[in-house]
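Q: Residue numbers (our numbering): 175 to 450.
Take this structure first; my questions come after.
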Amino acid sequence: MASSLRLLSQRALSHTAWTRNASRTFSTSQKACSSHGLLRLKEYYESTLSEDLLVLSYDHTRVAPTNFKFPDFQAQLDSALAAQTTEPIPKPPHVEVLRTRKGGKPLKPIQPLRSASTIPRLDKITLHAMISDAINNKNNLLSAFMAFQSITAIRPEIVYAKKSVANWKLREGMPIGVKVTLRGEEMYQFMDKLVEIVLPRLKEWPGMSMTSGDGNGNIAIGFPPSALALFPEIEGSFDVYPRMTGFDIIFNTTAYTNTDGRLLLSGLSVPFKTKN
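This is the structure in structure tokens:
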């Protein structure tokens, strides 16, 4: 009897020690986890997509200068021979080229040489909605305000009219829209939800145009009111939002051309329609 009790007590002690070790092994870090889980899209960009974008968008005609003072032996020999000469080699005069505007378009920034620090990436995502019914009653903004706050987990900003339009009965300073600006982790969480849940469920949408962009790598998409109900936060409590509204999503990237901006969004699983 005593031996059986001793055996049971040893098993209990071993089970307690194993439980403590297991709890220490599987303990989480002090950093709080995201409400939307892991940042899968951000990790995919940093580990895979950034290298692919560097290879696909590399221009061999514009190569960055090497970090070495003398890249090869011939350059070293030429510099040594030039140093032995007594007469200084005249340098060509530096001529500054003034860039002027063409028409009414602003000047575009000069695209730097392609390197690891100039790979296109997402800078911010802006959700924007204009509600024309808010001119008569500003309470009509409440539904879009609540919907944007639900799908982004960020409090939206109220957009006010900058000018007065008599034909629309619009006066300066009237609230006519809402917008949300996403950056960092919230931006990648929303982008992951958009490309994995919302875009595949859009009906009769062939994809974005191959000519989309504003010339500086920023791309916008317009969605109908029915697309707002495809977000899981809205779909679960559809009756809470009495009015669905159309909205725009603007992707602001660090790309300098529309081609690089479209290449970045295509790598993030945004579909583009192809020519038949």
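Don't be surprised by glycine CBs; every beta carbon is placed ideally from N, CA and C.
Note that this is a predicted model, so its numbers are computed, not measured.
How is the beta strand (DSSP E) around PRO349 delimited, first residue to last?
A: 349 to 356
Q: Helix, strand or coil: how does DSSP classify ASP422 here?
A: strand
Q: DSSP on ASP297, reduced to helix/strand/coil?
A: strand
Q: What is the DSSP secondary structure of SER440, counted as helix, strand or coil?
A: helix
Q: Determine, using beta carbons only, whether LEU228 and ARG288 come nearer to each other than 9 angstroms.
A: yes
Q: Should the stretch 335 to 342 be called in touch with the stretch 405 to 425, which here means at least 3 C-beta pairs below 8 angstroms?
A: no
Q: Just the Cα atoms here: how many angstroms apart are GLN363 and THR433?
A: 24 angstroms
Q: Write down the C-beta distance between THR300 and ILE424 rounded to the nearest angstrom, noting that I regard them as a contact closer than 8 angstroms.
A: At roughly 4 angstroms, the Cβ-Cβ gap stays under 8 angstroms, so THR300 and ILE424 are in contact.
Q: Closest to ASN310 by CA distance: which of PRO374, GLN285, GLY351, ASN392 is it?
A: GLY351
Q: Please go through the same chain and pick out, in chain order, the residues whose beta-carbon is closer than 6 angstroms to the beta-carbon of MET348, but skip the five residues on each side of it.
A: ALA335
Q: Under DSSP, the beta strand (DSSP E) around VAL369 begins and ends at which residues?
A: Segment: none, VAL369 is in no beta strand (DSSP E) and carries neither H nor E.
Q: In whole angstroms, what is the alpha-carbon distance linking HIS268 and THR235?
A: 23 angstroms
Q: Tell me whether ALA429 sits in a helix, a strand or coil according to DSSP, three-state version.
A: coil
Q: Do the CB positions of MET365 and ARG436 come within less than 9 angstroms of each other?
A: no
Q: So, is GLU360 buried or exposed, given that buried needs 16 or more other C-beta atoms within 10 angstroms?
A: buried
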